[in-house]
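In terms of full-length UniProt numbering, the sequence shown opens at residue 1 and continues consecutively. Backbone N, C-alpha and C fix where the C-beta goes; we use that ideal spot for every residue, glycine too.
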Amino acid sequence: MAVAVLSGLRCNLELLSPAEPRPEQPAVVCVHGMGVDSLASYYLTIGSPLVRAGAEVAMYDLRGHGNSERPPTGYRLDDFGADLAAVIAHLGWQNRPVQLVGNSFGGTVVFHYATAHPRRVVSVTAVETEPPTESWSGWMARVLHDMATEMTAPDAVERLGAGRGRVGLRQAEAMRALVRDTTLVADVPAGPLLSERELADFPIPVLGLYGARSEIADRAQLLPRLLSDCVTVTFPDHGHRLLVDARRAVTDLVVPWIMAGRRPSVVADGAVVLRSGSPTPSTVRSTVPAEPRR
1 MAVAVLSGLR CNLELLSPAE PRPEQPAVVC VHGMGVDSLA SYYLTIGSPL VRAGAEVAMY
61 DLRGHGNSER PPTGYRLDDF GADLAAVIAH LGWQNRPVQL VGNSFGGTVV FHYATAHPRR
121 VVSVTAVETE PPTESWSGWM ARVLHDMATE MTAPDAVERL GAGRGRVGLR QAEAMRALVR
181 DTTLVADVPA GPLLSERELA DFPIPVLGLY GARSEIADRA QLLPRLLSDC VTVTFPDHGH
241 RLLVDARRAV TDLVVPWIMA GRRPSVVADG AVVLRSGSPT PSTVRSTVPA EPRR
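Rendered as structure tokens:
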């Protein structure tokens, strides 16, 4: 782990590199979700497989999360986007095409950054996430309000950290401080937001991964309608923790997508695939042939 001062804040940053990194191989930045999440969710899932395949992989704790600094203010998407830009600059990748992976709120940050810097981004992998639209803002405001209310309960930390040991309790305490002692609840839904026109013009290929039991499973059908170059895969029997709970299936999709520029083969029976321009989803009953990104 390394600590860097980025955007004026202390940021916890991890860079995983192959034994012989080469500039022509993929540079990947992974952005985690909000709340009890941290860069560890990538370290324990797709990070190492991508490095073994030859990619350089950077992951970092969002402001207010993990071992990064928790400022009292500054939690708009512009702030998170500036942090992502600062990470890329710190790594010396500002002139190197990058591939971005975002889980949950981290994916929203990725869409925000990629819209502002489309020529710097080769692909987006969006896990259980969506772009920052007006509907997203309303939904996020409700989620954060409910979260803030829940965290006022005397036993909130114990309930949230139950069954996850001391680490879980520390994460729950940090989450309570984040919603209680910062402007995150008000800042995040404020955007800035993207219009449908901006999303229709989004030029970057997107792979979206969703769990059928997730609260946002319907985004798997929404994303290909909003974006011109998108394929989504929905996995049965999984929820919002798809990245962790289905790590092998996710890895099997993400590694070929990032390393070879291919829409990877889908090997899970029952997965539902939907592509931009396709009127109806298809349910996978056998392997789907890979196809190149445009």
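The Cβ-Cβ distance between Asn-12 and Gly-66 falls below 9 Å.
Rounded to whole angstroms, Ser-17 and Ala-153 show a C-alpha spacing of 43 Å. For Met-140, the three-state secondary structure derived from DSSP is helix. As for any beta strand (DSSP E) of minimum length 3 sitting wholly inside the segment 205 to 246, the runs are 206 to 211 and 230 to 235, ordered along the chain. Of all alpha-carbon atoms in Val-127, Ser-123, Ala-141 and Pro-118, the one lying nearest the alpha-carbon of Thr-108 is that of Val-127. With contact defined as three or more Cβ pairs closer than 8 Å, the segment 234 to 243 and the segment 205 to 214 are in contact. Here DSSP, grouped into helix, strand and coil, assigns Ser-41 to helix. Listed in chain order, the non-local C-beta contacts of Val-255 below 8 Å within the same chain comprise Ile-46, Pro-49, Leu-50, Ala-53 and Pro-264, local neighbours out to five positions each way being set aside. Taking each of Asp-229, Ala-114, Val-98 and Trp-136 in turn and checking the Cα distance to Phe-80, the smallest one comes out for Ala-114. Take Met-259, set aside five residues on each side of it, and the residues of its chain with a beta-carbon closer than 7 Å to its own are Pro-26, Ala-53, Gly-54 and Ala-55, in chain order. For Leu-223, the number of other beta carbons within 10 angstroms of its own is at least 16, and it is reported as buried.
By the beta-carbon neighbour count (other beta carbons within 10 angstroms, threshold 16), Asn-103 is buried.
Counting only runs that start and end inside the segment 81 to 123, the beta strand (DSSP E) elements of at least 3 residues fall at 98 to 103. Within the same chain, and ignoring the five residues on either side of Val-31 in sequence, the residues whose Cβ sits closer than 6 Å to its Cβ are Gly-102, Gly-106, Val-109 and Val-110. By the neighbour-count criterion, in which a residue is buried when 16 or more other Cβ atoms sit within 10 angstroms of its Cβ, Gln-99 is buried. In this structure the segment 129 to 137 touches the segment 191 to 204; the number of beta carbon pairs closer than 8 Å is three or more.
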